[in-house]
Amino acid sequence: MHQEHSHQDKRSLTVGLALRQLTMIKECGLHYKNAPVIIGINLCNQAEFITQALNSALSQSLVTKNSAQIVILDDQSTDNWQARCKTLLDHPSVTILTAFCGSPARARNQLLDYASTTSAHWVARLDADDVLDNARSVESLWLKAEASNADFAIGSNRLKQDGHILSVTNIATPEVLLDPIKLTEFIGAFCHGQSDNELPSCNLLLNTRVIERYPNIRSAEDHWLVARLLLLPEYKGEIVSAPYYCVYTLDGADTINNKQKAIWTEQRHRLAVAAKQWMQAQALPFHYLGSGQEGVVVQKGNKIEKSFYPWAIDDEHVRWLKQALPNNNIVPQVCWHKQNGQWSYSTPNLYTTEMQLPASAIIVGQFLQGMYAAGICGLNIKRDNIRQMKDGSLHYIDVGSDIQPLTASKFLDMSARLYAIAILQLPDEELVRRTSSSSQDQSLSQLKGFADFYLALIEALHPNVALNKPGMPIFTHVGVDQETTLLIKACAQDADVLFTQVSHIVTQLNYPNKFKQVLLLLDSYQGPFLRQYQQGDFNQLLTSANELVNNGIVNGLLIAPTSSDVITVTYNQWFGAPTVTQSHTVSQAPLFSQIWAFNQVTTRYVLQCDCDVLVGRKDWQHDYIADMKAELIDPNVISVGFNIPKSTNAFLPYFGQDGQFAPEVRMGLLDLVKIKQTLPISNPIINDKYTLTWHRALQAHQNKMGLSSLRGGNPASFYIHPRNEDKQLSTLEQIRDLVAQGRYPVAQEEQFDLIPHADWCYPRRTESVIFLLKGRLTAVDKLERCLQSLRMQSNQSFGIVLIDDASGASHNWCYPMLLDKLRDRTTLIRHQNNQGRLPNFIQAISDVCVNDDSIIVILDQDDCLMRHDVVKHIVDAAKQGADLIQMPMFRPNKPLKLYQPSYSDIRQKGGGNVWAHQRAFKKSLFDSVPHAYFKEDQKWIPSVTDYATMLPMAELAKAPVFIDIGYSYFHQRAEYPQEVKAEQSRFLKAIFAKEALSP
1 MHQEHSHQDK
11 RSLTVGLALR
21 QLTMIKECGL
31 HYKNAPVIIG
41 INLCNQAEFI
51 TQALNSALSQ
61 SLVTKNSAQI
71 VILDDQSTDN
81 WQARCKTLLD
91 HPSVTILTAF
101 CGSPARARNQ
111 LLDYASTTSA
121 HWVARLDADD
131 VLDNARSVES
141 LWLKAEASNA
151 DFAIGSNRLK
161 QDGHILSVTN
171 IATPEVLLDP
181 IKLTEFIGAF
191 CHGQSDNELP
201 SCNLLLNTRV
211 IERYPNIRSA
221 EDHWLVARLL
231 LLPEYKGEIV
241 SAPYYCVYTL
251 DGADTINNKQ
261 KAIWTEQRHR
271 LAVAAKQWMQ
281 AQALPFHYLG
291 SGQEGVVVQK
301 GNKIEKSFYP
311 WAIDDEHVRW
321 LKQALPNNNI
331 VPQVCWHKQN
341 GQWSYSTPNL
351 YTTEMQLPAS
361 AIIVGQFLQG
371 MYAAGICGLN
381 IKRDNIRQMK
391 DGSLHYIDVG
401 SDIQPLTASK
411 FLDMSARLYA
421 IAILQLPDEE
431 LVRRTSSSSQ
441 DQSLSQLKGF
451 ADFYLALIEA
461 LHPNVALNKP
471 GMPIFTHVGV
481 DQETTLLIKA
491 CAQDADVLFT
501 QVSHIVTQLN
511 YPNKFKQVLL
521 LLDSYQGPFL
531 RQYQQGDFNQ
541 LLTSANELVN
551 NGIVNGLLIA
561 PTSSDVITVT
571 YNQWFGAPTV
581 TQSHTVSQAP
591 LFSQIWAFNQ
601 VTTRYVLQCD
611 CDVLVGRKDW
621 QHDYIADMKA
631 ELIDPNVISV
641 GFNIPKSTNA
651 FLPYFGQDGQ
661 FAPEVRMGLL
671 DLVKIKQTLP
681 ISNPIINDKY
691 TLTWHRALQA
701 HQNKMGLSSL
711 RGGNPASFYI
721 HPRNEDKQLS
731 TLEQIRDLVA
741 QGRYPVAQEE
751 QFDLIPHADW
761 CYPRRTESVI
771 FLLKGRLTAV
781 DKLERCLQSL
791 RMQSNQSFGI
801 VLIDDASGAS
811 HNWCYPMLLD
821 KLRDRTTLIR
831 HQNNQGRLPN
841 FIQAISDVCV
851 NDDSIIVILD
861 QDDCLMRHDV
871 VKHIVDAAKQ
881 GADLIQMPMF
891 RPNKPLKLYQ
901 PSYSDIRQKG
911 GGNVWAHQRA
921 FKKSLFDSVP
931 HAYFKEDQKW
941 IPSVTDYATM
951 LPMAELAKAP
961 VFIDIGYSYF
971 HQRAEYPQEV
981 KAEQSRFLKA
991 IFAKEALSP
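Heads up, the sequence shown is in the UniProt record's numbering, so the first residue is 1 and it goes up one at a time.
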């Protein structure tokens with residue numbers, strides 16, 4: 001009878017691709033190893049029946065003669081059945097196997113596959129809750145089949161119910177079973193309840209050369225197999241009416257349950273229709289090619305025709321196949337027909353051959369790439385369905401309901417099965433979807449070489465996930481300006497901002513040309529200072545300066561000497577007076593240190609600036625130095641001031657030729673050769689101190705000598721100078737970032753000095769789709785890959801919020817250039833101090849994004865989108881009312897793992913994969929989550945923020961959706977250290993313990 005197949009088990013069971021993991025627990029004795037017959041018993045949690053079945057097998061005459069061994073295949077039993085029959089199992093004829101099969105049909109097929117690898121030629125079926133009728137049950141069928149070289153033999157059986165043998169028997173009648181017409185009529189009768197008997201399908205002796213297997217259907221799978229053996233022309237059988245083969249038990253749980261379900265009746269009705277079509281196909285004047293669970297295939301001249309069973313395919317699926325099947329040889333080019341409610345198709349005969357095994361990984365990969373590109377998956381991967389073209393390429397012939405739209409899960413399924421069959425040459429049934437206690441990725445990792453194959457396959461399908469080759473620069477510098485030095489001036493008051501400010505200035509100015517040298521001038525003067533705003537700390541200043549040198553940001557430090565001799569010599573050169581020894585002017589402005597530094601510069605030109613200036617770049621290709629040096633060609637021009645924020649982007653002709661402007665002391669380019677040629681210059685002295693700074697002295701000298709310092713030029717590069725009283729502003733970090741991006745409010749236009757209380761805000765975002773890119777110290781090539789995946793989207797109607805959480809200017813200076821054409825629809829936020837993940841979430845989503853209906857899409861900077869239509873599908877889902885949208889993620893370090901979210905009881909499911917990328921949600925959904933869910937012990941949760949944010953949103957979502965059209969998101973990261981995992985585990989426990997929210 002149909003064996004009961006229920007896993008009464010506390011283990012966590014899942015349905016997915018799994019290997020059978022056939023394991024031999026006990027091997028039969030040496031005298032039985034070469035027995036020609038195997039009596040095969042499959043069981044799953046049938047401890048109460050196995051003893052009587054095993055006793056009947058041990059009593060067989062063939063066992064007594066050492067001509068049969070007994071093979072018991074245990075499919076994941078948990079009822080300790082071996083304890084019930086321990087003594088019997090010790091018999092030398094008994095072999096015990098275990099495997100993960102998942103259903104009665106799968107278990108029977110495993111035993112048949114096992115038998116085909118032994119020296120046995122025959123397998124006699126015995127269900128665990130049946131018994132063999134007499135000692136010669138198996139021998140009678142074997143002798144008859146051996147004598148005629150048959151493929152199978154079928155016997156009769158008696159029936160038992162409630163422990164009693166019934167008077168009704170099931171006699172195997174050759175006049176019926178071996179006559180196709182009578183057999184078809186008989187099948188129709190019993191399938192429609194018009195016969196007391198059914199096919200004697202449990203009484204089967206099958207030759208191991210037969211490759212036909214039980215179909216994996218819930219009911220009547222043994223009838224389908226036996227009907228095919230009896231009706232299909234390729235098989236020859238014998239019928240043994242007597243003696244009886246077995247006693248069939250009618251009390252089995254599966255049989256009782258199935259009879260109470262429509263599936264029991266439905267499968268028998270379908271068998272009646274299919275059997276009739278099998279017979280009719282062979283009677284037609286066409287060449288019968290084969291049949292299966294969907295229909296019958298024949299050859300009509302140069303055409304192949306497949307006729308579907310009425311239930312096998314519907315109109316909607318045919319309509320989809322008509323537009324989905326590609327116009328290439330991956331699948332047949334078919335012409336569809338419908339007659340009397342049944343579909344069929346015809347296709348040219350391509351004269352393909354059987355797939356040659358083992359197939360090369362290249363050929364298999366090319367086939368899979370073709371299926372992926374076409375957006376389809378073939379789910380019935382087996383040897384019969386894969387043919388080979390003359391050029392060696394693979395051809396999937398099973399056009400029908402098993403061709404499905406592409407999903408990541410189905411593609412992995414198809415790839416793994418084809419790899420197992422074509423490359424590893426495993427049996428068709430070795431890797432199938434089944435109930436197992438092993439996760440699918442664990443099972444697939446046991447396929448030798450498959451993880452590497454699949455990773456290479458996905459990366460070949462999505463070449464945009466590849467990074468630039470190591471060492472390949474993202475930006476190519478034009479070169480080094482050998483004539484120009486950058487000189488940055490600092491004093492002890494600048495100690496606490498020196499590293500930040502110098503990093504900002506250098507990175508903002510070092511493109512498209514680098515300077516020959518970047519020098520940092522430190523004024524050792526301790527005060528009092530002109531316009532002093534805080535106490536100076538020269539030791540801290542020096543420490544920060546050395547850090548700048550060590551980090552390669554500046555090339556060298558200049559610290560002005562305090563020697564009176566050096567001071568007087570320098571002053572004498574510049575001002576023609578050898579007696580002054582004071583380093584600062586009457587008003588406490590620095591003088592000596594700066595002109596001394598000019599003397600240390602070895603290039604003709606020096607771009608000198610205060611260390612507190614904010615430098616802005618609207619266009620990173622603007623060669624501002626070349627512009628300024630072009631003006632210095634005029635022999636009367638000694639300096640050119642750096643531009644300031646303008647109200648226009650238009651070029652402003654340089655002006656100031658009449659000498660009205662002093663050299664720009666805060667930021668300007670000096671021609672040191674011209675300046676030194678005009679020295680010394682006048683500078684009044686009061687009380688052993690000069691009255692003028694060097695730039696004011698030069699201004700006065702210009703007017704006398706017809707020299708000039710110019711202003712103007714291209715406003716694409718500019719600077720702003722914060723006054724001392726504004727340097728303690730809490731918003732200065734944000735202002736510096738905005739200026740660096742070339743952004744400033746209207747009130748700042750045409751102003752040298754910072755307008756601190758103007759509208760210094762990051763641009764707000766209102767687009768319907770907004771990508772949030774967060775990261776810290778993200779490798780530039782990974783960020784470029786991320787942004788490129790946005791550029792390749794077919795729908796470009798999205799905005800971006802890009803947050804860098806304190807990587808520093810030396811790292812993130814190039815982000816505006818990386819953004820390129822995305823820059824105008826990006827809000828770029830570069831923090832000076834680390835804020836943490838959740839504060840960044842809140843700033844970006846709750847503050848910067850102002851449209852409640854915007855869909856926020858999380859895209860980590862070191863990840864990328866894999867498809868060009870991600871935005872399109874997100875927009876379409878949002879239009880359908882989705883408020884939380886997810887798409888499949890691929891992880892190169894875990895290529896075989898799938899992350900399909902579950903939106904119910906997620907805290908009890910360890911998050912239910914709702915944390916996984918691709919994640920998108922309405923802004924209003926995020927804003928509706930109480931901030932307490934983002935905190936633990938009143939502090940922001942510092943890690944596992946994907947769980948912290950997504951779990952409450954998934955609970956509040958009214959219309960969550962998972963869109964699986966293939967892989968959409970490439971998530972690449974290194975494994976976390978154990979201490980990090982331990983911290984994450986602690987926070988996850990706290991997150992899962994929080995009370996679930998309700999929509």
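The beta-carbon is built from N, C-alpha and C at its ideal position, and this holds for glycine as well.
Candidates the options, of which the one nearest residue i by Cα
i	options	result
Q482	T64, S854 and R604	R604
Q404	I421, K994, A374 and R213	A374
Y969	K894, R986 and C864	C864
M24	A57, L111, R723 and N45	L111
C85	S67, L62 and Q52	Q52
V586	A147, Y690 and H192	Y690
A145	T484, W122 and S639	W122
M953	Q366, K923 and K390	K923
E750	L652, P930 and P180	L652
Q861	I263, L828, K182 and Q369	L828
E48	D127, E212, E185 and S59	D127
Proximal residues to residue i (C-beta, below 6 angstroms), its chain only, five neighbours per side dropped
i	result
P999	L956 and K958
I720	L614, V739 and L754
W915	D946, Y947 and M950
D619	A716
G799	R765, E767, I770 and R825
K10	The predicted position of K10 is uncertain, since its pLDDT is 41 and thus under 50; no value can be drawn from it.
E631	V637, V640, Y654 and L710
E733	Q832
K276	T184
Same chain only: Cβ atoms within 7 angstroms of residue i, ignoring 5 sequence neighbours per side
i	result
E983	S943
Q273	The sequence given here places Val at residue 273; Gln does not occur at that position. Counting only Cβ-Cβ distances below 7 angstroms, and skipping sequence neighbours, we find Y309 and P310.
Y396	I330, V331, G378, N385 and I386
Per DSSP, the bridge partner or partners of residue i
i	result
Y605	T484 and D671
N157	N170 and C246
Y690	I685
K26	I96
N42	L73 and D127
L557	L520
V399	DSSP, once it has assigned bridges, lists no residue as partnering V399.
S708	V637
Y719	V615
H701	DSSP output for H701 lists no bridge partner at all.
Residue i: CB within 7 angstroms of a non-hydrogen atom of the ligand FMN
i	result
D610	In terms of ligand content, the structure shown is empty, and the ligand FMN therefore cannot be addressed.
Contacting residues, own chain, Cβ-Cβ under 8 angstroms from residue i (five flanking each side not counted)
i	result
G616	Q508, P645, S717, F718, Y719, I720, V739, A740, Q741, G742, R743 and Y744
T648	P715
Q8	Note that Q8 has pLDDT 43, beneath the 50 cutoff, so the model's placement of it is unreliable and no number is given.
Cβ-Cβ separation, residue j to residue i (assumed contact under 8 angstroms), whole Å
i	j	result
V131	V247	5 angstroms
Y654	G712	4 angstroms
L522	A490	6 angstroms
Q608	A662	With 8 angstroms as the limit, Q608 and A662 do not qualify as a contact, their Cβ atoms being about 13 angstroms apart.
L89	K26	7 angstroms
S156	S241	6 angstroms
Q60	A68	6 angstroms
| query | Taking only runs of the beta strand (DSSP E) that begin and end inside the stretch 729-777, which ones reach a length of at least 3 residues, in chain order? | reply | Counting only runs that start and end inside the stretch 729-777, the beta strand (DSSP E) elements of at least 3 residues fall at 769-775.
| field | Uninterrupted beta strand (DSSP E) stretches inside the stretch 621-664 (no shorter than 3 residues) | value | 637-641 and 652-655
| What are the uninterrupted segments assigned as alpha helix (DSSP H) that are 4 or more residues long and contained completely in the stretch 560-596, given in chain order? | 564-575
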